[in-house]
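Colleague: What follows is a single structure, and I will ask about it in a moment.
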Amino acid sequence: MEKTILVVEDDRGLNQGVAMALKNPQYHFLLAYTLKEAFEYWKDDQIDMVILDINLPDGSGYGFLESVRKESQIPVIMLTANDMEIDEVRGIEMGADDYITKPFSLMVLRARVERLFARVGRQEGKEYQEEGYRFSFDRQEFAVEGRPVELSRTEQKLLRMLVTRPGQTLTREILNEGIWQEGSDYIDENALSVTVARLRKKLKLSQEECPIRTVYGIGYVWERGKEK
11 MEKTILVVED
21 DRGLNQGVAM
31 ALKNPQYHFL
41 LAYTLKEAFE
51 YWKDDQIDMV
61 ILDINLPDGS
71 GYGFLESVRK
81 ESQIPVIMLT
91 ANDMEIDEVR
101 GIEMGADDYI
111 TKPFSLMVLR
121 ARVERLFARV
131 GRQEGKEYQE
141 EGYRFSFDRQ
151 EFAVEGRPVE
161 LSRTEQKLLR
171 MLVTRPGQTL
181 TREILNEGIW
191 QEGSDYIDEN
201 ALSVTVARLR
211 KKLKLSQEEC
221 PIRTVYGIGY
231 VWERGKEK
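Every position in the sequence shown, counted from 1, becomes a number in the numbering used here once 10 is added.
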C-alpha cells in the first residue's frame, strides 16, 4: 500500500532532494515550501508521514506539528538548522517522533523514515521484523533469513496473532476462535496442533528453532521481540 509523505521545507533544493533520496515505489510525495501549503495538503490529502522544517518563511513548524497532533499520531520527523538541545526537547515534548539537525545525511534520513514506518506497521500488526524474520501481512510476503516462504491463510492468521503479542501465552481457545471464527461450529481438535507444526517447520532458522513455544495444557507463545 502506497504511503504519502508530506515534506515541508522552504529550501527547494533540499525539499526536492529529500524526495529523490527517499524515492520508492511505495512512497508518494507532497512537497510544501510554506506553512500555508502544508496546511492545504493536510486538509485535502491522507498523509502517512511528515518531514517538517522548523523555520519556515511564514511561521514556525511547531504550529503545524501541534495541529497534526490534535488529529493524528502519524510519524513526524523535525528538521532544523538550530543545533540546540532546547529545540529538540520542545519538538519531542510536542509529539515529534525524530529530530535531525542540518546538514544531515540523506541516507540517515532514509533509514529513519524506514524505521518509523516499520514501527507503525508493527503497531498496526501489518509488519513484523526481527532478526531472521520479515513478515508483511498486508502484502502477504514472508521471509525467513531472506528466503521467501509461502504461508496458507490459516498459517498467516496464526502467525499474526502470535507475533502481535510477543511473550504473551495465547490459549488454544483464543487461537481457535481467531483462526476459524468463520468456520463451522465443529473444529477438529488437532487442527491447531497441525497448523502450528507446519508453521514451525516453515519458520525454522538455520541455527535455532522457530520461536513458537508450546505452553503445555494452555496454548502457545511467540518468544521473539518481547519487551525487556
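Each residue gets a CB set at the ideal place from its N, CA and C atoms; glycine is no exception.
Owing to the predicted nature of the structure, the values given are computational and were not obtained by experimental measurement.
Let me make sure I understand the geometry here. Which of ASN200, ARG163, GLN83, GLY71 has the alpha-carbon closest to that of ASP58?
Modeller: GLN83
Colleague: Kindly indicate which residue of VAL118, ALA29, GLY142 has the alpha-carbon position closest to the one of GLN217.
Modeller: GLY142
Colleague: Name the one or two DSSP bridge partners that ALA153 has.
Modeller: ARG144, PRO158
Colleague: Nearest to ASP63 by alpha carbon, out of LYS53, ARG175, ALA48?
Modeller: ALA48
Colleague: Look at the alpha carbon of LEU209 and the alpha carbon of LEU126, and state the distance between them as a whole number of angstroms.
Modeller: 28 Å
Colleague: For a test of the three-state rule: what should DSSP assign to PHE114, helix, strand or coil?
Modeller: coil
Colleague: Quick one, are the C-beta atoms of LEU66 and VAL28 less than 8 Å apart?
Modeller: no
Colleague: Quick check: THR44 and ASP21, are their CB atoms within less than 8 Å of each other?
Modeller: no
Colleague: How many angstroms separate the CA atom of PRO158 from the CA atom of ASP55?
Modeller: 35 Å
Colleague: Should LEU164 and ILE228 be called a contact, given that it needs their Cβ atoms to be closer than 8 Å?
Modeller: According to the sequence as given, residue 164 is Thr; it is not Leu. In this structure, ILE228 does not lie closer than 8 Å to THR164 by Cβ.
Colleague: Under the three-state reduction of DSSP, which class applies to MET88: helix, strand or coil?
Modeller: strand
Colleague: If you reduce the DSSP assignment to three classes, tell me which class THR44 lands in.
Modeller: coil
Colleague: Is the segment 68-88 close to the segment 97-108, with three or more CB pairs under 8 Å?
Modeller: Taking 8 Å as the limit for Cβ pairs, the verdict is that the segment 97-108 does touch the segment 68-88.
Colleague: Straight-line CA distance for THR174 to LEU168?
Modeller: 10 Å
Colleague: Counting only the same chain and skipping the five closest in sequence on each side, list residues whose C-beta sits under 7 Å from that of SER70.
Modeller: ILE64
Colleague: Measuring only the C-alpha atoms, how far is ASN34 from GLU199?
Modeller: 46 Å
Colleague: Quick check on the DSSP output: the alpha helix (DSSP H) that includes THR205 runs from which residue to which?
Modeller: 201-213
Colleague: Quick one, which of LEU119, ARG223, GLU155 has its alpha-carbon nearest ARG182's?
Modeller: Ranking the options by Cα distance to ARG182, first place goes to ARG223.
Colleague: Rounded to whole angstroms, what is the Cα-Cα separation between SER162 and SER203?
Modeller: Distance between the alpha carbons of SER162 and SER203 is about 15 Å.
Colleague: Can the beta-carbon of MET171 be found less than 8 Å from the beta-carbon of GLY188?
Modeller: Their beta carbons are under 8 Å apart, which means MET171 touches GLY188 by this criterion.
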